[in-house]
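When the sequence shown is numbered by the numbering used here, its final residue is 485 and no position is left out of the sequence of numbers.
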Amino acid sequence: MGPAPRPAGHPVRRHLRVLPGGAAGRGGAADRVREPGRGRGARRAGHRPGARRGGAPRAGLRGAGRRRGGAGHRAGPPGARRARRPPPALSRHAGPVTPGRAPARRRPSSGGASPDRGRVAAGGDCPLPGSVAENATSSLSHRSPRGAVPVVGGHPTRSLQRAREDGGGPAAAVPCPHGHAAAVVGSHEQLLAAALPWLREGLAAGDLTVLSCDQGTAELLRDELGRPAGLVDEPRVSLRGVRPPDGVVAIRRLLDRAAEAPSGRLRILGAPDFGAAPRDWREAQRYESVLNRLLAGSPVEALCLYDQRQLPEQAAASASATHPLLLTGGVRAENPAYRRPGDYVRDLPLPREPLEQGEPVYAVAGAPTLADLRHQLAAVLAAQVPDREQREDLHLAVSEIAANAFRHGTPPVSARVWAADGWIVCTITDRGTSYRDELAGFQPAHGDDLSRGGMGLWLARKLWDHVDLLTGADGLTVRLSSPLH
Numbered sequence: 001m002g003p004a005p006r007p008a009g010h011p012v013r014r015h016l017r018v019l020p021g022g023a024a025g026r027g028g029a030a031d032r033v034r035e036p037g038r039g040r041g042a043r044r045a046g047h048r049p050g051a052r053r054g055g056a057p058r059a060g061l062r063g064a065g066r067r068r069g070g071a072g073h074r075a076g077p078p079g080a081r082r083a084r085r086p087p088p089a090l091s092r093h094a095g096p097v098t099p100g101r102a103p104a105r106r107r108p109s110s111g112g113a114s115p116d117r118g119r120v121a122a123g124g125d126c127p128l129p130g131s132v133a134e135n136a137t138s139s140l141s142h143r144s145p146r147g148a149v150p151v152v153g154g155h156p157t158r159s160l161q162r163a164r165e166d167g168g169g170p171a172a173a174v175p176c177p178h179g180h181a182a183a184v185v186g187s188h189e190q191l192l193a194a195a196l197p198w199l200r201e202g203l204a205a206g207d208l209t210v211l212s213c214d215q216g217t218a219e220l221l222r223d224e225l226g227r228p229a230g231l232v233d234e235p236r237v238s239l240r241g242v243r244p245p246d247g248v249v250a251i252r253r254l255l256d257r258a259a260e261a262p263s264g265r266l267r268i269l270g271a272p273d274f275g276a277a278p279r280d281w282r283e284a285q286r287y288e289s290v291l292n293r294l295l296a297g298s299p300v301e302a303l304c305l306y307d308q309r310q311l312p313e314q315a316a317a318s319a320s321a322t323h324p325l326l327l328t329g330g331v332r333a334e335n336p337a338y339r340r341p342g343d344y345v346r347d348l349p350l351p352r353e354p355l356e357q358g359e360p361v362y363a364v365a366g367a368p369t370l371a372d373l374r375h376q377l378a379a380v381l382a383a384q385v386p387d388r389e390q391r392e393d394l395h396l397a398v399s400e401i402a403a404n405a406f407r408h409g410t411p412p413v414s415a416r417v418w419a420a421d422g423w424i425v426c427t428i429t430d431r432g433t434s435y436r437d438e439l440a441g442f443q444p445a446h447g448d449d450l451s452r453g454g455m456g457l458w459l460a461r462k463l464w465d466h467v468d469l470l471t472g473a474d475g476l477t478v479r480l481s482s483p484l485h
């Protein structure tokens, strides 16, 4: 019979069913994604990215299924890798994927056959299979509309393989039609001069044309354009009210819609929400850089407005490093200052959190077992996190990171928790090396097939506001931090 189904409010049910697609006929009102809040404060004042409104949530991850391989499964050469099923078609209802039908038999974890943490421990030489870049790109590049880069078996053609081998980035990967561009503006006139021709060109060409800006900018642009009916608002693409993994999901849903547009293309005008603090800027900078890998080969053009009147100087300056194209004086040109995503993300400064200067409320230098560590972390979070849903979410994510450390890292596994002044920080450390892909965790490691695991770091990025990977003499530390609701 198996265990009883988890209750509808269980954190696994709330957060695993977030990918586009799903079984036909299952995209009802209960599947609609909660409308995002306005501004970054929405996710710090009780907003739970991935939560739904209206109707009871459907069952969570189904059919964990039989593991493929196991801890000892080795990655062969790319040509010898076992063929993967192509991702399921994305649903018009934008309902999440529900692989299989059998109830989940245990808490899904990254301890499946091929986790998102493809690491080589000290003295080891067999990273686990499944490139995050490969799966992320294959998920976004699931169609071949007119004018798009051809996709074979769910994957862009060989030039993308070469991009993966040398570190990725549009300089090496399959380019978008015009790619990912930035326009740094400093006045009302400069903003309109950059945005209006871009939007008019997309509307005239039959692209699915999307605004992802703050409400004031969006209303200004709509008025200037005469409020065209074909212009779509999607603030989540620019991280308004959501965290990066949900921004990626929003883009995937838009790509699904764009496949039915006259041109088959997606055009986005965005204004990234960098937030108020350096830790917020870091998340937005990572996201902007990662999109270059995730969108490679997809029929999408994006123009990001960096308004110097609103952004911190450091955030505005990052545009040149994270965008392969710059729009200056109405002309798009290659950007010589652009950096490959893997290099850029790895080199971002990661200063200590202020709370780390004080004494932790919990510390263990070598947890005896994963079950023991999970139990202790649950007790600590119960004492420090007053909001029940946030407490469950944080515990789910940190448990997955701990599972990665035990199953794919090198012992001993240590943990620390700090909590004060409405903020919580948790670190999980083991003696192993880092994730093989600095861009891990922005999508599940195995694309839409959640039954294969590989969700640990992805869940952490979904459920904590800030996730940093720190490497040093002590091994790998995954640092998670969030404000308390």
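A virtual CB, placed ideally from N, CA and C, is assigned to each residue, including glycine.
* Taking the alpha-carbon positions, what's the histidine 375 to arginine 461 distance? -> 22 Å
* Asked: Within this structure, are the beta carbons of leucine 294 and valine 248 separated by less than 9 Å?
  -> yes
* Proximity below 9 Å, CB of valine 345 to CB of serine 289 -> yes
* To do: Determine the contact status of leucine 191 and leucine 225, defining contact as a CB-CB distance below 9 Å.
  => no
* Closer than 9 Å to chain D by CB, tyrosine 287 -> Of the protein chains in the structure, only one exists, and it is not chain D.
* To do: Return the first residue and the last residue of the beta strand (DSSP E) that alanine 397 is part of.
  => Element bounds for alanine 397: not the beta strand (DSSP E) but the alpha helix (DSSP H), 388 to 408.
* Cβ neighbours of tyrosine 338 in the same chain (closer than 6 Å, five flanking residues each side left out) -> Pro324
* Kindly list the residues whose CB is nearer than 7 Å to the CB of glycine 422, restricted to its own chain and excluding five residues on each side of it in sequence; keep chain order. => Pro483 and Leu484
* Pick out whichever of Val300, Gln308, Arg252 and Ser298 has its Cα sitting closest to the Cα of phenylalanine 274. => Gln308
* Could you tell me whether the stretch 396 to 413 touches the stretch 436 to 444, using the rule of 3 or more Cβ pairs below 8 Å? => no
* Asked: On the three-state DSSP scale, how would you describe glutamate 301?
  -> strand
* To do: Name the residue from Gly453, Gly342 and Phe442 whose alpha carbon lies nearest to the alpha carbon of histidine 466.
  => Nearest option by C-alpha distance: Phe442.
* Please classify valine 331: is it buried, with 16 or more other beta-carbons within 10 angstroms of its beta-carbon, or exposed? => exposed
* According to the neighbour-count rule (16 or more other Cβ atoms, all chains shown, within 10 Å of its Cβ), is cysteine 304 buried or exposed? -> Buried, since its Cβ has 16 or more Cβ neighbours within 10 Å.
* For glycine 475, the nearest candidate out of Asp343, Arg286, Ser414 and Trp464 (CA to CA) -> Ser414
* Asked: At a cut of 8 Å, does the stretch 402 to 419 reach the stretch 359 to 373 through at least three beta carbon pairs?
  -> yes
* To do: Alpha carbon to alpha carbon, how far is glycine 447 from glycine 179? Give it in angstroms, no decimals.
  => So the alpha carbons of these two residues sit roughly 23 Å apart.
* Proximal residues to asparagine 335 (C-beta, below 7 Å), its chain only, five neighbours per side dropped -> If the five residues before and after asparagine 335 are omitted, its C-beta is found closer than 7 Å to the C-beta atoms of Ser320, His323, Pro324, Leu325 and Leu326, all from its own chain and listed in chain order.
* Nearest neighbour of glycine 454, chosen from Val425, Thr471, Asn404 and Ala419 [CA to CA] -> If you compare the alpha carbons of Val425, Thr471, Asn404 and Ala419 with that of glycine 454, the shortest gap goes to Asn404.
* So what does leucine 325 bridge to, in DSSP terms? -> For leucine 325, which the question treats as bridged, DSSP gives the partners Ala181 and Glu334.
* Considering threonine 471, what are the terminal residues of the beta strand (DSSP E) in which it resides? -> 466 to 472
* Proximity winner among Ala194, Ser263 and Trp281, relative to proline 351 (alpha-carbon distances) -> Ranking Ala194, Ser263 and Trp281 by Cα distance to proline 351 puts Trp281 first.
* Would DSSP call proline 349 helix, strand or coil? -> DSSP places proline 349 in coil when its eight states are reduced to three.
* Compute the Euclidean distance between the alpha carbons of threonine 410 and glycine 472, then round it to the nearest angstrom. => 14 Å
* Asked: Going by the beta-carbon positions, is the gap between alanine 284 and alanine 250 smaller than 9 Å?
  -> In this structure, alanine 250 does not lie closer than 9 Å to alanine 284 by Cβ.
* Extent of the continuous alpha helix (DSSP H) run through serine 289 -> 278 to 294
* Backbone secondary structure at glycine 475 - three-state DSSP -> strand
* Cβ neighbours of glutamine 310 in the same chain (closer than 8 Å, five flanking residues each side left out) -> Closer than 8 Å at the Cβ level, and outside the excluded window around glutamine 310, lies no residue.
* Starting from alanine 365, follow the alpha helix (DSSP H) in both directions and report where the run begins and ends. => Per DSSP, alanine 365 belongs to no alpha helix (DSSP H) and is neither H nor E.
* Report the rounded CA-to-CA distance for glycine 456 versus glutamate 260, giving the unit in angstroms. => About 34 Å.
* Asked: How long is the line joining the alpha carbons of arginine 48 and aspartate 387, rounded to whole angstroms?
  -> In this prediction, arginine 48 scores a pLDDT of 40, lower than 50, which makes its location untrustworthy; the coordinate-derived value is nonetheless stated afterwards. Each residue's Cα considered, the two are about 11 Å apart.
* To do: Name the residue from Pro244, Val242, Gly297 and Val237 whose alpha carbon lies nearest to the alpha carbon of arginine 265.
  => Gly297
* Asked: How is the beta strand (DSSP E) around threonine 217 delimited, first residue to last?
  -> First-last for threonine 217: 215 to 225, but that is the alpha helix (DSSP H), not the beta strand (DSSP E).
* Can you give the beta carbon distance from proline 349 to tyrosine 287, rounded, assuming they're within the 8 Å contact cut? -> About 17 Å separates the two Cβ atoms, so there is no contact after all.
* Is it right to say arginine 227 is buried, meaning 16 or more other beta carbons lie within 10 angstroms of its own, or is it exposed? -> exposed
* Other residues of its chain near leucine 370: CB distance less than 7 Å, five sequence neighbours each side excluded -> Ala402, Ala403 and Phe406
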